[in-house]
Every structure is written in structure tokens, then in C-alpha cells.
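>
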Amino acid sequence: MTPVNATPESVALRELVQARRADFYELLGRYCATNPRLFGSVATGTAGENSDIDILVDMDPVDGNILMRAAGLMEETRELFRSESIDIFPAQLLKFPISELEETILI
Numbered sequence: 001m002t003p004v005n006a007t008p009e010s011v012a013l014r015e016l017v018q019a020r021r022a023d024f025y026e027l028l029g030r031y032c033a034t035n036p037r038l039f040g041s042v043a044t045g046t047a048g049e050n051s052d053i054d055i056l057v058d059m060d061p062v063d064g065n066i067l068m069r070a071a072g073l074m075e076e077t078r079e080l081f082r083s084e085s086i087d088i089f090p091a092q093l094l095k096f097p098i099s100e101l102e103e104t105i106l107i
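Be aware that the sequence shown starts at 1, since it is given in the UniProt record's numbering, and climbs by one per residue.
1) Nearest-angstrom Cα distance between residue 26 and residue 67?
2) How would you write the range of the alpha helix (DSSP H) that residue 7 sits in, first residue to last?
3) Based on Cα-Cα distance, which residue from 10, 5, 28, 95 lies nearest to residue 50?
4) Looking at residue 39: is its Cβ nearer than 7 Å to the Cβ of residue 54?
5) Where do the N-terminal and C-terminal ends of the alpha helix (DSSP H) with residue 33 fall, by residue?
6) Roughly how many angstroms separate the alpha carbons of residue 75 and residue 15, rounded to a whole number?
7) Nearest CA to the CA of residue 8: which residue from 22, 43, 23, 28?
8) Give every residue of the same chain whose Cβ lies closer than 8 Å to the Cβ of residue 20, excluding the five residues on either side of it in the sequence, and list them in chain order.
9) Please tell me whether residue 86 and residue 73 are closer than 7 Å, where the distance is taken between their beta carbons.
10) Put residue 63 into one of helix, strand or coil per three-state DSSP.
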């Protein structure tokens, strides 16, 4: 759900994510990534002109090197969204607990 006072940039970026959701889920499957969540300025509704899309995913190390899979997923996601302004973060590699994030939104 988009915050009531969300910036136009936040709304546009969320709409972009939703428009490509099905194709994005295919990429997630190829890289054995699950539970994609938006976080950061797009999730909080405060995105500006130069904001990027931050996506948190879960990746099990049993399925292979997390860092390599995340890099591949990020590259293909940028191609899918036709934007270099997308970052993928595997939750397992974060130094802080997910609960410390202000807000996450399931994609």
C-alpha cells in the first residue's frame, strides 16, 4: 500500500515494480531468491528524482554463492526495469537485522 503522502516519484517507482512483477518473479526463481521486499525511500514514500529502488531478498547459501547470485540477479533486474537505479540486497549479508529497517513492502 502506498503511503497517503507519498511523493510522485515513489508512486511512479512502485508502479514500475508492479508492472514488471511477473517477469521479476521469474528472475527470482532462476536465482533461487525469495521474499522480495522494497525498502528505503520507495517503501517509505519519500523517493525523489534521483532515488533508486532498493530490494531486499532472501537467498539460501545451500543454493550457491549468495554474492554471485545477487550480482547476477541485480544485473538482470536492471535490464528488466531498464534502469541502473536498482539495488538488490540479500538479507543474509546485511550487518543489521531486517527488523531495524524502517519499512519493507512485499513485492
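Think of the CB as a built atom: it goes at the ideal place given N, C-alpha and C, for glycine as much as any other residue.
Taking the coordinates as given:
1) As a working mapping, residue 26 is identified with position 26 in the sequence shown. As a working mapping, residue 67 is identified with position 67 in the sequence shown. Using only the alpha carbons, I get a separation of about 19 Å.
2) One-based indexing of the sequence shown puts residue 7 at position 7. Unbroken run through residue 7: none, as it is neither H nor E.
3) Position 50 of the sequence shown holds residue 50. That would be 10, whose Cα lies nearest to the Cα of residue 50.
4) As a working note, residue 39 is residue 39 in the sequence shown. As a working note, residue 54 is residue 54 in the sequence shown. Yes.
5) Position 33 of the sequence shown, counted from the first residue, corresponds to residue 33. Looking at the DSSP string, residue 33 is not in any alpha helix (DSSP H); the run it does join, the beta strand (DSSP E), is 33-39.
6) Stepping through the sequence shown from its first residue, residue 75 is reached at position 75. Stepping through the sequence shown from its first residue, residue 15 is reached at position 15. Going from the Cα of residue 75 to the Cα of residue 15 covers about 20 Å.
7) By 1-based counting over the sequence shown, the position of residue 8 is 8. Out of 22, 43, 23, 28, 43 has the C-alpha closest to the C-alpha of residue 8.
8) Taking the first residue of the sequence shown as 1, we reach residue 20 at position 20. Once the five neighbours on either side are set aside, the close Cβ partners of residue 20 are 80, 81.
9) Here residue 86 is taken as the residue at index 86 of the sequence shown, counted from 1. Here residue 73 is taken as the residue at index 73 of the sequence shown, counted from 1. No.
10) In the sequence shown, the residue the question calls residue 63 occupies position 63. In this structure, residue 63 counts as helix in the three-state DSSP scheme.
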